[in-house]
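Those letters in the sequence shown? Residues -1 to 89, per the numbering used here, in order.
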Amino acid sequence: MAEWKIIIKGIATRQDRYENGEIDFEQMRDGVVKLLRKKLACYLREPNHDMDLEELLDEFAEVDTVSYYDTVKDGLYDWCDANRIWIDPIA
């Protein structure tokens, strides 16, 4: 098993709150994006700046439907797998 560089927790909690009607879609999405930007900040600035990640997070911040969210989420998981980053389950 590969050693994880970063482990990100807290995304599933935000999604659960959305599914339970405690927050709306935009609040959930914005919270997830904020958490990801914080935890992956080392890849968003020099010398490790990763344009692919920046584009994924910019797109994630603009999703407006659950199906679009799921599509971008899949791309994010692919990027994370390639960079040995673990994300708690994103439903």
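For every residue, glycine included, the Cβ atom is placed at its ideal position computed from N, Cα and C.
#1: Tell me which residues share the same chain as Asn46 and place their Cβ nearer than 8 Å to its Cβ, disregarding the 5 neighbours each side in the sequence.
#2: Find the nearest neighbour of Val61 within the set Trp84, Ile83, Lys3, Arg27, judged by alpha-carbon distance.
#3: Hey, how far is the Cα of Ile83 from the Cα of Asp14?
#4: Nearest-angstrom Cα distance between Asp50 and Val31?
#5: Quick check on DSSP: helix, strand or coil for Trp77?
#6: Given that a residue counts as buried once 16 or more other Cβ atoms are within 10 Å of its Cβ, and exposed if not, what is Ala89?
#7: What does DSSP give as the partner residue(s) for Trp84 in the beta ladder?
#8: For Arg43, does the count of other Cβ atoms within 10 angstroms reach 16, so buried, or fall short, so exposed?
Well, looking at it:
#1: Here residue 46 refers to the residue found at position 48 of the sequence shown. Counting only Cβ-Cβ distances below 8 Å, and skipping sequence neighbours, we find Cys40.
#2: Working through the sequence shown from its first residue, we reach residue 61 at position 63. For Val61, the nearest C-alpha among the options comes from Arg27.
#3: Stepping through the sequence shown from its first residue, residue 83 is reached at position 85. Stepping through the sequence shown from its first residue, residue 14 is reached at position 16. Ile83 and Asp14: Cα-Cα distance of roughly 22 Å.
#4: Within the sequence shown, residue 50 is the residue found at index 52, counting from 1. Within the sequence shown, residue 31 is the residue found at index 33, counting from 1. Separation of Asp50 and Val31 (C-alpha to C-alpha, rounded to the nearest whole angstrom) is 15 Å.
#5: Position 79 of the sequence shown, counted from the start, is the residue given in the question as residue 77. Trp77 falls in the helix class under three-state DSSP.
#6: Sequence index remark: in the sequence shown, residue 89 carries index 91 (1-based). In this prediction, Ala89 has a pLDDT of 48, which is less than 50 and means its spatial position is unreliable; nothing more can be read from the coordinates.
#7: The residue given as residue 84 occupies position 86 in the sequence shown. Partner(s): Ile5.
#8: Within the sequence shown, residue 43 is the residue found at index 45, counting from 1. Around the beta carbon of Arg43, fewer than 16 other beta carbons sit within 10 angstroms, so the residue counts as exposed.
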